[in-house]
Amino acid sequence: MQRLDGKGGLFVEHEGTSEAYVQNAIRTSLRDLVRGHEDEFTSGDWVLNGAVCAGEPVCSLVIAAYETAPWNGVAR
């Protein structure tokens, strides 16, 4: 979820044994984090990525880009 004033946002991460459990945990965390300040945040965009480990380890990479900037640090 992003702040409407452009000064940051919220990021939560959960793991669990089912998609429904993880979705509920994410929604609950975000709701609790903005309680009393709901009008200061967007409704939130998120993607749920899941994998089942069956013998071999699995990995999920999460990238949360909060601000874009040029590599050389100079705005164009």
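Using the working numbering, you'd call the opening residue of the sequence shown number 4 and step up by one each time.
Using N, Cα and C, we set each Cβ at its ideal position, and we do this for glycine too.
Keep in mind it's a predicted model, so treat the numbers as computed, not measured.
Own chain residues within Cβ distance below 6 angstroms of residue i, not counting five before or after
| i | result |
| --- | --- |
| F14 | A67 |
| V37 | F44 |
| H99 | The requested residue 99 does not occur in the structure, where the chain is confined to residues 4 to 79. |
CB-CB length for residue i against residue j, believed under 8 angstroms
| i | j | result |
| --- | --- | --- |
| M4 | G39 | With a Cβ gap of about 14 angstroms, M4 and G39 do not count as contacting. |
Close-in-space but distant-in-sequence residues of the same chain around residue i (CB under 8 angstroms, 5 per side omitted)
| i | result |
| --- | --- |
| W49 | I29 |
| N52 | S63 and V65 |
Per DSSP, cross-strand counterpart(s) of residue i
| i | result |
| --- | --- |
| G12 | Q5 |
Count Cβ pairs between the segment 54 to 66 and the segment 20 to 27 that sit closer than 8 angstroms; are there 3 or more?
Touching, no.
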